[in-house]
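Number of protein chains: 2
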Amino acid sequence: MKLCLDAREAARSISVTSTEIKNNVLLRIAELLNKERNAIKSANDQDLQQARESGLDRVLVERLIFSDEKIDGRIRSLKKIAELPDPIGQYDEFITRPNGLKVGRMRIPLGVILMIYEARPHVTVNAAGFCIKSGNAVILKGGSEVLETNKILGDIIRNALEEYQLPANTVQVISSSDRTLVQDLLKQDDYIDLVIPRGGEGLIRYVNENSRIPVIKHFKGVCHCYVEASADTKSALDIVMDSKMLMPEVCNALETLLIERDAAQSFLPALKDEAERVHLKLRACPESRKIIDAEEATEEDWRTEYLDTVLSVKIVKDIDDAINHIEKYGSHHTDTIVTRNISSAEKFVQSVDSSVVLVNASTMFNDGEELGLGAEIGISTEKLHARGPMGLKELTSYKFVIYGQGHCKKTK
Amino acid sequence: MKLCLDAREAARSISVTSTEIKNNVLLRIAELLNKERNAIKSANDQDLQQARESGLDRVLVERLIFSDEKIDGRIRSLKKIAELPDPIGQYDEFITRPNGLKVGRMRIPLGVILMIYEARPHVTVNAAGFCIKSGNAVILKGGSEVLETNKILGDIIRNALEEYQLPANTVQVISSSDRTLVQDLLKQDDYIDLVIPRGGEGLIRYVNENSRIPVIKHFKGVCHCYVEASADTKSALDIVMDSKMLMPEVCNALETLLIERDAAQSFLPALKDEAERVHLKLRACPESRKIIDAEEATEEDWRTEYLDTVLSVKIVKDIDDAINHIEKYGSHHTDTIVTRNISSAEKFVQSVDSSVVLVNASTMFNDGEELGLGAEIGISTEKLHARGPMGLKELTSYKFVIYGQGHCKKTK
Chain P
6 MKLCLDAREA ARSISVTSTE IKNNVLLRIA ELLNKERNAI KSANDQDLQQ
56 ARESGLDRVL VERLIFSDEK IDGRIRSLKK IAELPDPIGQ YDEFITRPNG
106 LKVGRMRIPL GVILMIYEAR PHVTVNAAGF CIKSGNAVIL KGGSEVLETN
156 KILGDIIRNA LEEYQLPANT VQVISSSDRT LVQDLLKQDD YIDLVIPRGG
206 EGLIRYVNEN SRIPVIKHFK GVCHCYVEAS ADTKSALDIV MDSKMLMPEV
256 CNALETLLIE RDAAQSFLPA LKDEAERVHL KLRACPESRK IIDAEEATEE
306 DWRTEYLDTV LSVKIVKDID DAINHIEKYG SHHTDTIVTR NISSAEKFVQ
356 SVDSSVVLVN ASTMFNDGEE LGLGAEIGIS TEKLHARGPM GLKELTSYKF
406 VIYGQGHCKK TK
Chain L
6 MKLCLDAREA ARSISVTSTE IKNNVLLRIA ELLNKERNAI KSANDQDLQQ
56 ARESGLDRVL VERLIFSDEK IDGRIRSLKK IAELPDPIGQ YDEFITRPNG
106 LKVGRMRIPL GVILMIYEAR PHVTVNAAGF CIKSGNAVIL KGGSEVLETN
156 KILGDIIRNA LEEYQLPANT VQVISSSDRT LVQDLLKQDD YIDLVIPRGG
206 EGLIRYVNEN SRIPVIKHFK GVCHCYVEAS ADTKSALDIV MDSKMLMPEV
256 CNALETLLIE RDAAQSFLPA LKDEAERVHL KLRACPESRK IIDAEEATEE
306 DWRTEYLDTV LSVKIVKDID DAINHIEKYG SHHTDTIVTR NISSAEKFVQ
356 SVDSSVVLVN ASTMFNDGEE LGLGAEIGIS TEKLHARGPM GLKELTSYKF
406 VIYGQGHCKK TK
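Line by line, the protein sequences are chains P and L.
Heads up: the first sequence runs through residues 6 to 417, numbered per this note's numbering.
Heads up: the second sequence runs through residues 6 to 417, numbered per this note's numbering.
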């Protein structure tokens, strides 16, 4: 596929481009977004009109809007990515071996990244910014409902690249809605190094099942909070409500509360009061329902990512019971324990096999910026390569670089 | 598949086993190898007899031999793995954020690893040792020509695990030669986290094309040495001969020599003399053949991994020409430059996209032990996860571990 060959060729150039020029390109894109905001909004209006005419649900149409506020958010984000340290060319370690060989692992770009995502124009700008800064070429396939918006954003990005004598094909925005094109792209493992799908579970499963290229992803976030009897009730309640209610629609929002049996009598009524106050629905296990009034949770509830103001609640015998529940029903995304017991904290950290495990903190802290990555392009629950929130470094690989002074093994 | 469920269950136990117990198991396997060496050799004899009877080529039969010397090698290797630092539970970094959150990336095992390899019994012991030490469960599928040898080695390993109350299924040796079993295993992406194929290019391509699980691999090593005109002739010749002749059969052995035009007149006759002395065959480009007598290299030669005492030789215009040749014909494995020019060294390091790039050193130094990994289980030319030689740490993943003191995002 020509588009892949073009990406591969562009990848060679951007991989050796200086930090300064990459930053200049990012800042230039930010400038152009500001300068061209009327054209962007008018392209976005076309998409919105088309979406409304095709009878798209009003809530979904609202997601497509690329307003002044969203444009300003992208401008800020690009400036921020420009300020982040460039991982490329940095050494993870650099040692001198006993024989005098100098051995380092140097960070290099992955090469060509394919992003497949739903109709969210801000991802187009964000992914382009991340990939340029990390020295990768990227192919962007966004939802076809925002074709016109993505097209003008792509033009702006490509113009900025060309102004700095970089190949426009560093960023290719696919403006076809042909689904066979995606199928073909997912087979190009000779040309594409990584696929990052972002969107609903259906989209991610489709990409995963049809790709011959490594995919970094998370399907869903069924996140847990385990409240131990030793926990401070007020602190536990704060963490539960922050994890659940701050942004119920995000993947690291809390979905299931596990309470140690000895804490249930005191904790559940307090939870119930707070839930009523903020209109949070509870679905509880039979034992919990003897203490508080709540809808009964079914087996299905324990596996459900509500992404809504609903919380499933279960009483567990002890920490082992909690860990086993998380292993059985969880999604290896984000899980937290509230405890005052140091050995429980250690056991939870050791045994819960999730990409982010917290002690006495809200699941909302699973966020690239909060964890010191500067920003994030996605969250992975994979074991290979990157895990948890992914920043610039997670879009890189490394090579061993070895400096000798005529070293031969035979005569070392 | 029951075998995968068993592996997954064993993986949970071995993942939280202490370093001390894991080391004890390794040392116990070493003891048992010594104690049971007669039984091992007699099982191996059965395999050898079967192989001879089935008319297997004599050279191939020799590869199957698991002699006292090889058993001793494995005993030493297990002791060495026991001495290496345990990556599990170590933190790559541990920072305190401005809000007081403590954030670390803790090394964890990958989970279940599937090794598919040819009829080399030493891999059975080595892979088991590596996986146990790194807290992983492993399914070992070796070549069917050494079924009996692998079976007894598997029994020894499993006995040692059980002596320390660890699940025997931490290491499962497949003693079936049923190829559909391998096909089925390669589809178990819900249970197996990583496949490492080791063997010829055919085996590796088969695994890669049939797997739904991430595969870490290198297909082949078409390794280059670029000799610049600035190089010291003696040093360049030493590096070329060491890279080519020390172990011509290994993947990081040199296959193609690229010489800068200005160095050809002085370097090629010296190379020719040395090649004759050590019975190295040269296949050269037309321009080289005006200087020395050699067989003509075809287009195919530039892509060939000889694994033999043959070297292809090509004159290039300059370093850019050399880098382009390596990009076009190379396999991203191991490439070295011989130069006295610091800017050429930097350019080569930046631009050659191989897993190991050397300056003034033999390609033989692409070796886990030489590069400070302690030992290696394989070499990867992948961009995702691990690249270059893979040691214990490369068989691990990480999780983010976050310690708060009641941290909520809303009120941070």
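Yeah, the Cβ is synthetic: ideal placement off N, Cα and C, and Gly gets one too.
Predicted, not measured: the structure shown is a model, and the values here were computed from it.
Query                                                                                                                                                                    : Result
Kindly indicate which residue of D52/L, S248/L, Q51/L and N174/L has the alpha-carbon position closest to the one of L119/L.                                             : N174/L
With a threshold of 8 Å between beta carbons, is F71/P in contact with chain L?                                                                                          : no
Check the C-beta distance from A108/P over to I100/P and give it rounded, since I have them as a contact under 8 Å.                                                      : In the sequence as displayed, the identity of residue 108/P is Val instead of Ala. 5 Å between Cβ atoms; contact.
Can you grab the Cα-Cα spacing for the pair D323/L / G379/P, in whole Å?                                                                                                 : 41 Å
Just mark H284/L as buried or exposed, buried being the case when its beta carbon has 16 or more other beta carbons within 10 Å.                                         : exposed
Which residues mark the beginning and the end of the beta strand (DSSP E) in which A133/L is found?                                                                      : Here A133/L belongs to no beta strand (DSSP E); instead the alpha helix (DSSP H) covers P126 to K138.
Taking only runs of the beta strand (DSSP E) that begin and end inside the stretch 266-338 of chain P, which ones reach a length of at least 3 residues, in chain order? : 286-289 and 315-321
Just how far apart, CA to CA, sit S271/P and G396/P?                                                                                                                     : 41 Å
CB-CB under 6 Å to S92/L, same chain, minus the five flanking residues each way: which ones, in chain order?                                                             : Looking at the sequence shown, residue 92/L is not Ser but Pro. The residues are R112, L397, K398 and T401.
Strictly below 7 Å CB to CB, what residues from chain L border M369/P?                                                                                                   : K414
Looking only at DSSP bridge pairs, what is S385/L linked to?                                                                                                             : G393/L
Which of the three DSSP states is assigned to T341/L in this structure?                                                                                                  : strand
Counting C-beta neighbours from all protein chains within 10 Å, is the total for Y403/L 16 or more, i.e. buried, or is it exposed?                                       : buried
Does any CB atom of chain L fall closer than 8 Å to the CB of Q355/P?                                                                                                    : yes
Could you check the C-alpha separation between S139/P and A87/P for me, to the nearest Å?                                                                                : 11 Å
Would you mind stating whether I320/P and S293/P have Cβ atoms separated by less than 8 Å?                                                                               : yes
Tell me, to the nearest whole angstrom, how far the beta carbon of F370/L is from that of H412/P; I am working on the premise that it is less than 8 Å.                  : 7 Å
Can you tell which of I144/L, G134/L and L158/L has its C-alpha closest to the C-alpha of N29/L?                                                                         : G134/L
By Cβ distance, which residues of its chain are closer than 8 Å to L166/P, with the 5 residues on each side in sequence left out?                                        : V30, I137, P172, A173, T175 and V176
So if I threshold CB-CB distances at 8 Å, which residues from the stretch 400-413 of chain P count as touching chain L?                                                  : S402, Y403, K404, F405, V406, I407, Y408, G409, Q410, G411, H412 and C413
Name, please, each residue of chain P whose Cβ falls closer than 8 Å to the Cβ of D247/L.                                                                                : C413, K414, K415 and T416
Starting from S402/P, follow its DSSP beta bridges and name the residues at the other end.                                                                               : I113/P
Tell me whether A44/P is buried or exposed, calling it buried when 16 or more other Cβ atoms sit within 10 Å of its Cβ.                                                  : exposed
To the nearest angstrom, how far is the alpha carbon of V128/P from that of Y211/P?                                                                                      : 19 Å
Compute the Euclidean distance between the alpha carbons of T339/L and I244/L, then round it to the nearest angstrom.                                                    : 13 Å
The beta strand (DSSP E) that contains K146/P, what's its start and end?                                                                                                 : A142 to K146
What is the DSSP secondary structure of V255/P, counted as helix, strand or coil?                                                                                        : coil
What are the start and end residues of the beta strand (DSSP E) that includes Q188/P?                                                                                    : Counting along the chain, Q188/P falls outside any beta strand (DSSP E), though it belongs to the alpha helix (DSSP H) covering R184 to L190.
Just checking: is the beta-carbon of E366/L within a distance shorter than 8 Å of some beta-carbon in chain P?                                                           : The sequence shown places Ala at residue 366/L, rather than the Glu named in the question. Interface residue, yes.
DSSP three-state label for Y196/P, please.                                                                                                                               : coil
Between D372/P and S360/P, what straight-line distance do the alpha-carbon atoms span, to the nearest angstrom?                                                          : 12 Å
Pick helix, strand or coil for E233/L, following the three-state DSSP scheme.                                                                                            : coil
Does G148/L come within less than 8 Å of chain P when only Cβ atoms are used?                                                                                            : no
I want to verify the contact list: residues of chain L whose CB lies under 9 Å from the CB of V450/P, in sequence order.                                                 : Nothing can be reported for residue 450/P: it is not among the residues displayed for chain P, which extend from 6 to 417.
Which of the three DSSP states, helix, strand or coil, is assigned to I218/L?                                                                                            : coil
Could you check the C-alpha separation between L281/L and S349/L for me, to the nearest Å?                                                                               : Looking at the sequence provided, one finds Glu at residue 281/L rather than Leu. So the two alpha carbons sit approximately 31 Å from each other.
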